[in-house]
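Using this note's numbering, read the sequence shown as starting at 1479 and increasing by one per residue. Glycine residues also receive a C-beta, built at the ideal position from the N, C-alpha and C atoms. Everything below concerns the one structure shown next.
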Amino acid sequence: MNKITLKKCQIKDIPEIRKIASKAFPEAFSSILNNEQMDYMMDMMYGEKALTIDIGKGDQNYFLMYDDGEPCGYISITTPDRFVKERIEICNKKNGSPANMQVIKDCKKPIYLLHKVYLLPEKKGCGLGRLLFQHAEDVVSEMSKGKPSIMILQVNRKNPAVDFYKYLGMRIIGQQDFILDHGFEMNDFVMAIDIK
Ligand SMILES: CC(C)(COP(=O)(O)OP(=O)(O)OC[C@H]1O[C@@H](n2cnc3c(N)ncnc32)[C@H](O)[C@@H]1OP(=O)(O)O)[C@@H](O)C(=O)NCCC(=O)NCCS
């Protein structure tokens, strides 16, 4: 059996994240987004500059998964303090953030945002996605030090991953069309799970 490990990322890990993303993101979205939006979103999320800011400033906590030492997937998590910052910055710009949904504004528990859950296409379907998700739950549980919290995520309504998340216990708490630059949209569900 292969040895699966997970490691919190630093700036030096950016090339590995970009390498996986360059395969996993187009594979997941080629039937959902057009090429222009795909390129825009790849740069917005995985451009060198974007990742340097996200990881360098601590806006997102990335974790890489290794299968027998080979990088094969990643998750990223935003903590409640950063999420609140996002609420102010992004909502003021009136574009895409789940932070401007009433159900989120009304939530009294700390909210962790699971930004990304991605595996290399050839690694899908062998249980590694479940391990990535469980790691996200463990990280949130550890970060929140036992305080009841919520982990949320945005997922495209046409992405089969919606059913994966439901299967793992997440519930749909809303749907929203988030507006990006150039008129691009993300037609998402927002899903949530309680973390104890
Ligand atoms: C979503 C993703 C992480 C799932 O990982 P995976 O390794 O394929 O899933 P696993 O093999 O760990 O599956 C765990 C369980 O979920 C079930 N499952 C997996 N995908 C499912 C789906 N689309 N619908 C319903 N159930 C699903 C499996 O059958 C398995 O059940 P079991 O343990 O009872 O056998 C992976 O498919 C992926 O990287 N997709 C592309 C990236 C993406 O779209 N990410 C989400 C962006 S928000």
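Residue i: CB within 7 Å of a non-hydrogen atom of ligand 1
i       : result
Ala1614 : no
Arg1684 : Here the chain covers residues 1479 to 1674 and nothing more, so residue 1684 does not appear.
Lys1602 : yes
Val1581 : no
Tyr1596 : yes
Leu1610 : yes
Gly1605 : yes
Leu1631 : yes
Tyr1645 : yes
Beta-carbon contacts of residue i that lie in its chain and below 6 Å, excluding the five residues immediately before and after
i       : result
Leu1529 : Ile1492
Phe1561 : Ile1589 and Leu1591
Sequence-distant residues of the same chain with beta carbon closer than 7 Å to residue i, five excluded per side
i       : result
Phe1662 : Gln1515 and Tyr1518
Lys1587 : Pro1626, Ser1627 and Ile1628
Gly1551 : Ile1498, Met1543, Tyr1596, Leu1597, Leu1598, Lys1601, Leu1606 and Leu1610
Lys1583 : none
Contact test: residue i Cβ vs ligand 2 heavy atom, cutoff 7 Å
i       : result
Asn1637 : In the structure shown, ligand 2 is absent; the only ligands present are ligand 1.
C-beta atoms of residue i and residue j nearer than 8 Å
i       : j       : result
Ala1499 : Tyr1596 : yes
Gly1652 : Val1668 : yes
Gly1605 : Phe1642 : no
Ala1614 : Ile1553 : yes
Strand pairing of residue i, partner residues [DSSP]
i       : result
Arg1649 : Ala1670
Asp1545 : Ile1482 and Glu1548
Ile1553 : Phe1541 and Val1595
Phe1656 : Met1664
Ile1589 : Ile1628
For residue i, the three-state DSSP class (helix, strand or coil)
i       : result
Met1630 : Sequence inspection shows Ile at residue 1630; the Met mentioned does not correspond to that position. Three-state DSSP puts Ile1630 in a strand.
Asn1665 : strand
Ile1510 : coil
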